[in-house]
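Mapped onto this note's numbering, the consecutive letters of the sequence shown carry residue numbers 329 to 923. Report on the structure given below.
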Amino acid sequence: MSPRFMLIGFIGLLLIAPQVASEFQVTLLNYIGLAAIVALGLVLLTGVGGLTSFGQAAFVGLGAYSTAWLSRAENLPDWAAILGGSPWIGLLVGLLVTALVAIVLGLLTLRLSGHYLPLGTIAWGISLYFLFGNLQFLGGHNGMSGIPSLSIFGVELQDGRYVYYLIWVVLLGAIWLTHNLLDSREGRAIRALKGGVVMAEAMGVDTARSKVVIFLVAALFASVSGWLYAHMQRFVNPTPFGLGIGIEYLFMAVVGGAAHVWGALIGAGVIIILKQWLQDWLPQLLGASGSFEVIVFGVMMILVLQRARDGLWPIIARLVPMRKAVQRVPQGVALPRRAVPEAGRILLEARNIVKRFGGLVANNNMSLSVRAGEIIALIGPNGAGKSTMFNCISGVNPASEGEVLFCGKAVTNLDSREIAKLGMSRSFQHVRLLPTMSVLENVAIGGHLRGFKGVLASMLRLERGEEARLLAEAARQVERVGLQESIFEPAGSLALGQQRTLEIARALCADPCLLLLDEPAAGLRYLEKQALAELLRKLRDEGMGILLVEHDMEFVMGLADRVVVMEFGEKIAEGLPEAVQRDPAVLEAYLGGVE
Ligand code: ADP
Ligand code: MG
Numbered sequence: 329m330s331p332r333f334m335l336i337g338f339i340g341l342l343l344i345a346p347q348v349a350s351e352f353q354v355t356l357l358n359y360i361g362l363a364a365i366v367a368l369g370l371v372l373l374t375g376v377g378g379l380t381s382f383g384q385a386a387f388v389g390l391g392a393y394s395t396a397w398l399s400r401a402e403n404l405p406d407w408a409a410i411l412g413g414s415p416w417i418g419l420l421v422g423l424l425v426t427a428l429v430a431i432v433l434g435l436l437t438l439r440l441s442g443h444y445l446p447l448g449t450i451a452w453g454i455s456l457y458f459l460f461g462n463l464q465f466l467g468g469h470n471g472m473s474g475i476p477s478l479s480i481f482g483v484e485l486q487d488g489r490y491v492y493y494l495i496w497v498v499l500l501g502a503i504w505l506t507h508n509l510l511d512s513r514e515g516r517a518i519r520a521l522k523g524g525v526v527m528a529e530a531m532g533v534d535t536a537r538s539k540v541v542i543f544l545v546a547a548l549f550a551s552v553s554g555w556l557y558a559h560m561q562r563f564v565n566p567t568p569f570g571l572g573i574g575i576e577y578l579f580m581a582v583v584g585g586a587a588h589v590w591g592a593l594i595g596a597g598v599i600i601i602l603k604q605w606l607q608d609w610l611p612q613l614l615g616a617s618g619s620f621e622v623i624v625f626g627v628m629m630i631l632v633l634q635r636a637r638d639g640l641w642p643i644i645a646r647l648v649p650m651r652k653a654v655q656r657v658p659q660g661v662a663l664p665r666r667a668v669p670e671a672g673r674i675l676l677e678a679r680n681i682v683k684r685f686g687g688l689v690a691n692n693n694m695s696l697s698v699r700a701g702e703i704i705a706l707i708g709p710n711g712a713g714k715s716t717m718f719n720c721i722s723g724v725n726p727a728s729e730g731e732v733l734f735c736g737k738a739v740t741n742l743d744s745r746e747i748a749k750l751g752m753s754r755s756f757q758h759v760r761l762l763p764t765m766s767v768l769e770n771v772a773i774g775g776h777l778r779g780f781k782g783v784l785a786s787m788l789r790l791e792r793g794e795e796a797r798l799l800a801e802a803a804r805q806v807e808r809v810g811l812q813e814s815i816f817e818p819a820g821s822l823a824l825g826q827q828r829t830l831e832i833a834r835a836l837c838a839d840p841c842l843l844l845l846d847e848p849a850a851g852l853r854y855l856e857k858q859a860l861a862e863l864l865r866k867l868r869d870e871g872m873g874i875l876l877v878e879h880d881m882e883f884v885m886g887l888a889d890r891v892v893v894m895e896f897g898e899k900i901a902e903g904l905p906e907a908v909q910r911d912p913a914v915l916e917a918y919l920g921g922v923e
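Dropping the structure here:
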């Protein structure tokens, strides 16, 4: 069965559900839809972006209270009375208020790392809950009633069966938007947040911005859910916006499959139905009243985390035989390229770089330069400080002292992202790629700075032209390094040597003028090494500057125009390959042969 067919079937079921279901079942479906909208935000935020939030219920509350207050005309001052009674103004204001609060909270909390972030979300989750309860104009703990029901095209959605359609249209719309976002340039940046921040920054991604974006989207989804909720119930009080419910939303996302858009729906469905069922049956079964379902949920959470960390969606997806969509190598017009610097021009100049790690001096007074159309090899025994030097130059881990000039500009204190913009691109000795993403998508991350369409365009699929060109460019680079056979494979399934090659393609996708390659040939077989040397020569002839770290002497000597030798963090020799090979200091350093 094709995914499209499944989707049409599912929508068909949704359409007829209210006709055949009882009123109680429709209400349950409404709650599932509302919760799934919130959980979807968490799929994006937590499942994909790796940022855990316990506080989403508070954003639901913001949406609900905004519209509750605004849509009751008697709450408004005279001058604004004309707006009064309109749930649509309530929606708009709710979204604005939520966006404002989310941006402030996001800027404050997203910088927190590790477990401080979830703790931060708990803190504001609790604060907003108490705020709702203590503001008298919001009805305090008693809440507000008399909220009008929604009406669309003159049809009043008073009946649960009518609200049902609106809720599910909103949910499907939100799923569509989220799916689109993840399948875009911005989406690749978002997917890099979990485990790929250093790499993404080095490719020019503003990861702090991507975090705020998903935080904002998740908050807005929650707010819309709150808006629908308020007009469905026609009553709000603080109870459904507390921390406990916030935890339940997170639970839904995790149980459903936190990294999949449909997981939100599965999770919401399973939890809400189960909760209902447990609330009905457990007290009878145990002969006592109480919130026993909470205990069962706790046990269930532990089981899910142990047995099915990726949630239920991947299991369901495996059970349903789905025909894989045929993937075609993207084609498209070439992207504009950077002006190539004239051959011989100095691209990179590192002067007297010192890098200390506590008491350890990993680079001491290191200087080197690279010209356009030149391959420089940086060699030296393990631990000599070569990778450290790369990190200083590329801004990944800036130097303690010294100066780095790139294209005549001082970049010593710039972020790796800023340096990437100027045309420096790198690979990493310990490969940094996103193992579950395809080779093509990984390479496309390298082209991040060559696209300009933003989040909204991505969500609405208005960037398809640019996206096609980006993917086509990525595909060209994949082919250039000889990985075309694995272009749609997950990057994690490649052999280590090929993963390094992938990193070269990713670096090339940025259209750099200077390429920094940290041990690109390690793990490659003889023929693959030859192909790599061939490619590097070709790039040099096109005018690119290349700085590479390599252990294979034969490879280096046949390829490099100049060699810089390091030992114990210092430069011990520099010059033409033949001269360096005969240098007594180098022979001494390499006594016993090259590793
Ligand atoms: P090479 O790439 O030449 O093998 P490195 O630059 O990786 O060497 O390491 C040089 C020295 O700096 C080593 O002693 C290493 O342990 C140390 N070092 C590298 N990175 C760090 C770090 N982030 N923190 C502390 N020490 C480090
Ligand atoms: Mg190294």
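The C-beta atom is built at its ideal place from N, Cα and C for all residues, glycine as well. Here the structure is a predicted model, which means the values were calculated and not measured.
Practice item. Mind the definition here: the segment 525 to 535 touches the segment 427 to 444 only if three or more C-beta pairs lie below 8 Å; say whether that holds. Key: no
**Message:** Assuming contact is defined by CB atoms lying nearer than 8 Å, are G782 and A838 in contact in what I supplied?
**Reply:** Result no, Cβ atoms of G782 and A838 do not sit closer than 8 Å.
Distance between beta carbons of S551 and L640, contact taken as under 8 Å = Wrong, their Cβ atoms sit about 27 Å apart, outside the cutoff.
Between which two residues does the alpha helix (DSSP H) containing G361 stretch?
E351 to L370
Determine whether the beta carbon atoms of M580 and A363 lie at a separation below 8 Å. yes
Note to self: Give the residues whose C-beta lies closer than 6 Å to at least one heavy atom of ligand 1, in chain order.
What the structure shows: F685, L688, A690, G708, N710, G711, A712, G713, K714, S715 and T716
Next item on the list: May I ask which residues mark the beginning and end of the beta strand (DSSP E) holding G903?
Entry: E898 to G903
### Limits of the unbroken beta strand (DSSP E) element including S697
L688 to R699
**Prompt:** Residue range of the alpha helix (DSSP H) that G597 falls in?
**Reply:** V589 to L614
**Request:** Measure the CB-CB distance between R808 and L830 and report whether it falls below 8 Å.
**Result:** Not closer than 8 Å, so no.
Point to revise | Residue range of the beta strand (DSSP E) that includes A838 | key: First-last for A838: undefined, no H or E at that position.
Next on the checklist: In this structure, how does DSSP classify F816 when only helix, strand and coil are distinguished?
Outcome noted: Looking at F816 - three-state DSSP - the assignment turns out to be coil, as it is neither helix nor strand.
message = At a threshold of 7 Å, does Q827 count as lining ligand 2 (C-beta to nearest heavy atom)?
response = No; taking the cut-off as 7 Å, the Cβ of Q827 has no heavy atom of ligand 2 nearer than that.
query = Assuming I365 contacts L499 under a Cβ cut-off of 8 Å, what Cβ separation, rounded to an integer in Å, is found between them?
reply = 5 Å
Run the CB neighbour count on V922, radius 10 Å, all protein chains shown included, and call it buried at 16 or more, exposed below. Reliability fails at V922, whose pLDDT of 46 lies under 50, so the model's placement of it is uncertain and the value that follows must be treated cautiously. Exposed, by the Cβ-count rule.
Should D880 be listed as close to ligand 2, given that the test is whether its C-beta is under 7 Å from any heavy atom?
no
- According to DSSP, is R890 helix, strand or coil? strand
**Message:** According to DSSP, V564 sits in a beta bridge with which residue or residues?
**Reply:** M472
- Item | Local Cβ density within 10 Å of D937, reported as buried at 16 or more and exposed below that | The first residue shown for the chain is 329 and the last is 923, placing residue 937 beyond what the model contains.
Discussion item. Less than 8 Å between the C-beta atoms of G361 and W496, yes or no?
Written reply: yes
Ends of the alpha helix (DSSP H) at A927? Examination of residue 927 is not possible in this model, given that the chain is present from 329 through 923 alone.
Pull up the CB-CB distance for L372 and A546, whole angstroms please, since I reckon it's below 8 Å.
-> Yes, L372 and A546 are in contact; Cβ-Cβ is about 6 Å, under 8 Å.
Checklist entry - To which residues does DSSP link V483 through a beta bridge? => result I480
Task: At least three beta-carbon pairs within less than 8 Å, the segment 339 to 353 to the segment 461 to 481 - done: no
Coil, strand or helix - V533 by DSSP:
Coil.
From this set, C735, L631, R635 and S715, which residue's C-alpha is nearest A667's C-alpha? C735
Could you tell me whether any non-hydrogen atom of ligand 3 is closer than 7 Å to the CB of V877? Among the ligands present in this structure, namely ligand 1 and ligand 2, ligand 3 is not found.
- Task: Round the Cβ separation of E625 and L610 to the nearest angstrom and send it over; I've been treating them as touching at under 8 Å.
- Result: A small fix is needed here, since residue 625 is Phe in this sequence, not Glu. Actually they are not in contact, since the Cβ atoms of F625 and L610 sit about 11 Å apart, beyond 8 Å.
**Q.** Complete runs of the alpha helix (DSSP H) confined to the segment 392 to 470 [at least 4 residues]
**A.** 415 to 437 and 444 to 462
- Message: Please identify the residue among Y490, L887, A796 and P346 whose C-alpha is closest to the C-alpha of A662.
- Response: It is A796.
### Task
With a cut-off of 8 Å on the beta carbons, I'd call R699 and G873 a contact; round off their distance for me.
6 Å
Compute the distance between the beta-carbons of G730 and N680, then report whether it is under 8 Å. yes
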